[in-house]
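Be aware that the sequence shown starts at 11, since it is given in my numbering, and climbs by one per residue.
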Amino acid sequence: MTDIIRQRRAEKRAVLNGWLSIPSGVSAEIMGKAGWDTITIDLQHGMIDVPCAIQMLQAIGNTPAVPLARPEWNEPGQIMKLLDAGAMGIICPMVNSAEEARRLVAACRYAPLGERSFGPLRANLVHGTDYWKSANEKILVLAMIETRRALDALDEILAVEGLDGVYVGPADLGLSLFGDPNSEPEDERAIAAIASVRQKAQAAGRMAAVHNLTPGHARRMAAEKWDFVTCGSDTRTLSFGAADNIRQFRGES
């Protein structure tokens, strides 16, 4: 884990994470200067490919935020390339079993803890040629819990050595459990399922992370002692900020 994540854990405060879906180094730099502890480049659902992600990592390097990435899938080649490009953590989608969690960890850790191939091209430029010596310790590895299968296998996933924690994707989890990606804010069953992930993760000594769409919801999750909360994205900030400017101009409430 990076220093800021260790610091927040020592302070018993949630890590505050931002989210990037727009394929732009400029917007990534603007977001990186906003004050988040970490900021995640989303290659899964964002309109971002690896070359663009590298430009965004370079832009975030001009900000205090720690850069993380969500790859398109649990695919070792892409995960290793993102780490070699300077990402300091991976939030991996759709991890449904201990075997898949081990595959994720193997891609993120150098031997003897994993199978990450050596070639930290940009990471060496950013962090120095001794980067590899501390990479296993500093790279954050979070497995996303998004399905009924993942919930059923949660104890086994949490037991995987080298995994730092789990990250709940409420939309996909609600879709898998109840057929509704928007169930979490209102459905008590969804709320209970998500809370159980936090409880189990922390009992196992792992980080518990959760995706949130609004600052209010993120504050509630932080108050409930989640270790890592995503609060805000570039797309929502642009969309709602632009609409609010127009409302203010027109004098609308």
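Here a beta-carbon is modelled for each residue, glycine too, at the ideal position from N, C-alpha and C.
### Message
Which residue marks the beginning of the alpha helix (DSSP H) containing T245, and which one marks its end?
### Response
D244 to R260
### Query
Does C62 come within less than 8 Å of chain D when only Cβ atoms are used?
The structure shown has no chain D; it contains just one protein chain.
### Message
Can you tell me which residues form a DSSP beta bridge with C102?
### Response
A153
### Query
Which runs of the beta strand (DSSP E), 3 residues or longer, sit entirely within the stretch 106-179?
150-155 and 175-178
### Message
Along the chain, where does the alpha helix (DSSP H) containing L78 start, and where does it finish?
### Response
Element bounds for L78: not the alpha helix (DSSP H) but the beta strand (DSSP E), V76 to R80.
### Message
Suppose the cutoff is 6 Å on Cβ atoms and the five residues either side in sequence are ignored; what does the same chain contact list for G96 look like?
### Response
The answer, listed in chain order, is L67, R132, A133 and V136.
### Task
Leaving aside the five residues before and after R199 along the sequence, list all residues of the same chain whose C-beta is less than 8 Å from its C-beta, in chain order.
L187, F188 and S193
### Range covered by the beta strand (DSSP E) that runs through M217
Unbroken beta strand (DSSP E) run through M217: M217 to V220.
### Task
With a cut-off of 8 Å on the beta carbons, I'd call Y177 and L152 a contact; round off their distance for me.
4 Å
### Query
Around the C-beta of D140, are 16 or more other C-beta atoms found within 10 angstroms, so that it is buried, or is it exposed?
exposed
#### Entry: Length of the line joining the Cα atoms of A75 and D47
5 Å
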